[in-house]
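One structure below.
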Amino acid sequence: MTSAELIKSGQERLIESATQAINSAYAPYSQFKVGAAVLTSTGEIFAGCNVENASYGLSMCAERNAIANAIIGSAQDTITIKAIAVANSHNVSCSPCGACRQVIWEFGQNAQVIFRGNQGWQTSTIKDLLPEGFSL
Ligand code: THU
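As structure tokens, this is what we get:
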């Protein structure tokens, strides 16, 4: 297997995990189910889904839930996000919202972000999606 094929199979595994997580989404208000999967620098994968609330503003995106699951589940004290994939039930273009971009930035300033763009699956860097991320 070439290194390009290895990278591709890694991305496909992450997309598969994000797609699987759609099935767990709780989205009775928007009907827009989202799944996300985080790949950490140690090779662990953690998934998350969106969880909505009758008080709409309390709803949480799939990406941030996946990151929280990675923080809880990882053997590492601090996680580093190598890549994150986002899938949705409508198979429409859907990149992480601004809040999620900032949270991805916190845990991986070199993270690859895999999402559905206008032309299908697309990979960007978090730096491209959030050029001036906030750090303290
Ligand atoms: N949502 C996500 O979980 N991730 C995204 O990247 C975009 C939007 C959720 C929030 C809400 O539950 C639903 O999708 C509709 O906005």
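In the working numbering, the protein residues as written are 31 to 166.
The C-beta atom is built at its ideal place from N, Cα and C for all residues, glycine as well.
Keep in mind the model is a prediction, meaning the values are calculated, not measured.
query	result
Residue range of the alpha helix (DSSP H) that includes Gln-132	128-137
Closer than 7 Å: Pro-126 CB and nearest ligand 1 heavy atom	yes
DSSP state of Ala-34 mapped onto helix, strand, coil	helix
For Leu-160 and Gln-106, the rounded distance between their alpha carbons	26 Å
Where Lys-112 sits in the DSSP three-state scheme	strand
Ile-144, enclosing beta strand (DSSP E) - first and last residue	142-147
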